[in-house]
DNA sequence: CGTCGGATTGAAGATACTCAACATGAGTGG
DNA sequence: CCACTCATGTTGAGTATCTTCAATCCGACG
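Residue numbers (the numbering used here), protein chains in the order written: chain F, 36 to 286; chain E, 36 to 286.
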């Protein structure tokens, strides 16, 4: 099963046919990007949907003064530019933070999915709404929490999202960012990112080495992050019958 | 024309029939809320869509320590809970900040809109995607801009959104918030909100009196806010043929 | 071995927070 | 009409968080 399918199954159970339909999306001709490459540039018109199948990318807003702010991360299974159906151009950059592969899906393919199959329609809407919820939480973070908590929240959220797509075995997942990148994500300075990170390390909550995050104490991390399980809306993972991905199981 | 219709016309030109279809949504039985009332509570299951027809509300995330963060404002024409189609429950509160009226639209009505009429479908998607873009910008604000700039951005964005629905004549619009509310929106303390606001006043950029914002110098406000016109995606208002709502016209 | 990007540490200064006092203005009740 | 109350706005002072600038350290790599 592809990451996209695994992710959308968090919304509703899909039929075998639907699963295959979704899986096929990952097989469209892929394009490869190196770390630092711009996958989609602000202002660009897009004609094909980019589905991340491998790697790690970020939505980045660049300011005139050179500062930049990462507003979201993209991991395998994430669609970069669903918005092109209704918006003319990208209003931000998407940048590969590590070698990244994207399947290029013709828009028509998604259009068909959106009209044909209602349960898939629902799944794609779910994905969009979850993105909204994630952004709302990011705003709370940056408005009302201090730097170490923001980092903790970031680490914990990514842990959950990687689990959703089956890539967080051992509470470990890839995060190919320099501390400057972390700082961009948390809205703090690189120096402060370093110091805040040391705090989390000192408390033995999380380790970050060579682009790999290891969550040493998920419960503790979740606590200081002020993380609410609800907002990622993992309907099915909350079921006792489907325990393999549940956040609380691996504490 | 209702605010919702005016707003969605920023996306594409609508036929007379579509316009009437949308206008009808505002005529569903309304519910009234006083300032401070909770329109929708976190965790609540929703069975009817709330369309703000009058007043002013906010999406609010409350933290355990009592702090709260406003993550978005709702003005007439905004749909509060489109997300219920795919998410089980609200993941945040919606609170009236002034006397507010909401039309309660049966979910089926929206479902029909979403499947029947493709251009309306597109318009609703546009609305959702714009919400996403607004949140991305909010994150940039809180991560990378200082308090006065954040307030400036807030004031300017609301100016544009009120213009979209024809409610910002004279560069003036309602903002029924105490300075504490402003602080919640900008992610700063009430005291700091006061001081930052005095700065904007001193520069004669904006006035805020008795719940009414008056933008004295739109160009200057836009400049210090670092506001990018693009992200609200007002396709049609950027056309020279439709000048009445254009942001730059009234400077 | 030297270089280079990233990580780390120190120190000074800016932005923002908290606590606290005081002002203002709309209501309310005497 | 005045006194009182209460919410909100304003201002001051001390402190905390965070930023910036700068120096140093470290590991990867030629």
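Ideal Cβ placement from N, Cα and C applies to all residues, glycine included. Owing to the predicted nature of the structure, the values given are computational and were not obtained by experimental measurement.
Cβ neighbours of residue 169 (chain E) in the same chain (closer than 8 Å, five flanking residues each side left out) | 107, 192, 266 and 267
Note the first and the last residue of the continuous beta strand (DSSP E) segment covering residue 217 (chain E).
-> Element bounds for residue 217 (chain E): not the beta strand (DSSP E) but the alpha helix (DSSP H), 214 to 221.
Neighbourhood of residue 97 (chain F) by C-beta distance below 7 Å, restricted to the same chain and skipping five residues each side = 103 and 128
Neighbour list for residue 179 (chain F) in chain E, Cβ cutoff strictly below 7 Å = 98, 102, 104 and 222
State yes or no: is the beta carbon of residue 266 (chain E) nearer than 8 Å to at least one beta carbon in chain F?
-> yes
Return no unless some Cβ of chain E is closer than 8 Å to the Cβ of residue 272 (chain F).
-> In this prediction, residue 272 (chain F) has a pLDDT of 42, which is less than 50 and means its spatial position is unreliable; nothing more can be read from the coordinates.
Identity of the residues DSSP links to residue 128 (chain F) by a beta bridge = F:95
Are the C-beta atoms of residue 127 (chain F) and some chain E residue less than 8 Å apart?
-> yes
Classification of residue 213 (chain E) by the beta-carbon crowding that lies within 10 angstroms, buried from 16 upward = exposed
Host beta strand (DSSP E) of residue 103 (chain F) (start-end) | 103 to 109
What did DSSP end up calling residue 183 (chain E) once you bin it into helix, strand or coil?
-> helix
Euclidean distance between Cα positions of residue 218 (chain E) and residue 50 (chain F) = 48 Å
Could you name the residues of the region 159 to 193 of chain F whose beta carbon sits closer than 7 Å to any beta carbon of chain E, in the order they occur along the chain?
-> 160, 161, 163, 164, 166, 167, 168, 170, 171, 173, 174, 175, 177, 178 and 179
At which residues does the alpha helix (DSSP H) containing residue 234 (chain F) begin and terminate?
-> 225 to 237
From this set, F:188, F:115 and F:92, which residue's C-alpha is nearest residue 105 (chain F)'s C-alpha?
-> F:92
Does the beta carbon of residue 112 (chain F) come closer than 8 Å to any beta carbon on chain E?
-> no
For the beta strand (DSSP E) that residue 209 (chain E) lies in, which residues bound it at each end?
-> 207 to 209
Nearest-angstrom Cβ-Cβ length linking residue 95 (chain E) and residue 160 (chain F), presumed shorter than 8 Å | With 8 Å as the limit, residue 95 (chain E) and residue 160 (chain F) do not qualify as a contact, their Cβ atoms being about 23 Å apart.
When the Cβ atoms of the region 224 to 233 of chain E are set against those of the region 169 to 185 of chain E, are three or more pairs found closer than 8 Å?
-> yes
Do we get a CB-CB distance below 8 Å when we pair residue 115 (chain E) with the residues of chain F?
-> no
Three-state secondary structure (DSSP) at residue 283 (chain F)?
-> The pLDDT assigned to residue 283 (chain F) is 40, lower than 50, so where the model puts this residue is not dependable; a value taken from the coordinates is nonetheless given after this. In the structure shown, residue 283 (chain F) sits in a helix (DSSP, three-state: H, G or I).
Sequence-distant residues of its chain with Cβ nearer than 6 Å to residue 211 (chain F) (five each side left out) = 91, 132, 133 and 246
Going by Cα to Cα distance, which pick from F:242, F:258 and F:111 is closest to residue 251 (chain F)?
-> F:242
Would you check if there are 3 or more beta carbon pairs closer than 8 Å linking the region 132 to 146 of chain E to the region 75 to 87 of chain E?
-> yes
Can you tell me whether residue 258 (chain F) is buried or exposed, with buried defined as 16 or more other CB within 10 angstroms of its CB?
-> exposed
Do residue 156 (chain E) and residue 207 (chain E) have their C-beta atoms within less than 8 Å of each other?
-> no
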